[in-house]
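Novice: One structure, pasted below without further comment.
Here it is in structure tokens:
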């Protein structure tokens, strides 16, 4: 497991680096319109995914970010994040996690790029009990191991021999920067306008109670939309 993780980590690093140049940059003067169904502020993990799925469903979308994706000024930077189905933070997350797995695999198939690496996942110590409850409740594939079994099966770990551990074979790592790049690129392919290097100064309700919102950028450009998603 440890050697597999290192191999996948190297692949994830390369995937993130290789996709960085694939997303085009638009400036306010080249966007070409001022009114949209939806404006998305921020193109991190949530904003890029929202822009992609909305554009794919036929909505006119403008996504605005003061930086180019994927940058290191938010919570989505870095080459890897773990993902697993038994989530010790709360049993209620399971349906979201299952749906996330499906969407990431769909994205992987659409881009023909490896974005998820199935490495297996260990919960040891404080996370063990709640993770086990989730695995049992949702009838997931798992094993309960002792620390001694962990150390024997996965050289590189040094877990106290009597400490229990939960092994989830379906756990693994995601490549967040590559995923953001993929969402942004595909959003553009589906017709979304992606505006980078542009700061948002303010937003307000549409004038005169007409509904919708107005978004004002630092360069003085005003965009209008029926809905606004703030994910910055």
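Residue numbers (my numbering): 969 to 1200. We put the beta carbon where it would ideally sit given N, CA and C, even for glycine.
Would you report the Cα separation of residue 1192 and residue 1036, rounded to the nearest angstrom?
Specialist: Distance between the alpha carbons of residue 1192 and residue 1036 is about 22 Å.
Novice: Can you give me the start and stop residues for the alpha helix (DSSP H) that residue 1036 sits inside?
Specialist: Taken as a continuous stretch (DSSP letters only), residue 1036 belongs to no alpha helix (DSSP H), as it is neither H nor E.
Novice: How is residue 1192 classed by DSSP in three states: helix, strand or coil?
Specialist: Strand.
Novice: DSSP has residue 1084 in a bridge; who is on the other side?
Specialist: In DSSP, residue 1084 forms a bridge with 1142.
Novice: Taking all protein chains shown into account, decide if residue 1057 is buried (16 or more other Cβ within 10 angstroms of its Cβ) or exposed.
Specialist: Result: exposed.
Novice: Judging by CA-CA distance, which residue of 1075, 1053, 1112 and 1010 is the nearest neighbour of residue 1165?
Specialist: Comparing Cα-Cα distances from residue 1165 to each of 1075, 1053, 1112 and 1010, the minimum goes to 1010.
Novice: Would you identify the three-state DSSP class for residue 1178, choosing helix, strand or coil?
Specialist: Note: residue 1178 maps to coil in three-state DSSP.
Novice: Say whether the segment 1057 to 1076 touches the segment 1146 to 1161, bearing in mind that this needs 3 or more beta-carbon pairs closer than 8 Å, one atom from each stretch.
Specialist: Enough Cβ pairs lie closer than 8 Å, so yes.
Novice: If you run the structure through DSSP and keep just helix, strand and coil, what is residue 1185?
Specialist: Residue state, collapsed to three classes: strand.
Novice: What's the C-alpha gap between residue 1005 and residue 1190?
Specialist: So the alpha carbons of these two residues sit roughly 14 Å apart.
Novice: Within the same chain, show all residues whose beta-carbon is closer than 8 Å to that of residue 1015, passing over the 5 residues directly before and after it, in chain order.
Specialist: Excluding residues within five positions, the ones whose Cβ falls inside 8 Å are 1008, 1009, 1031, 1033, 1197, 1199 and 1200.
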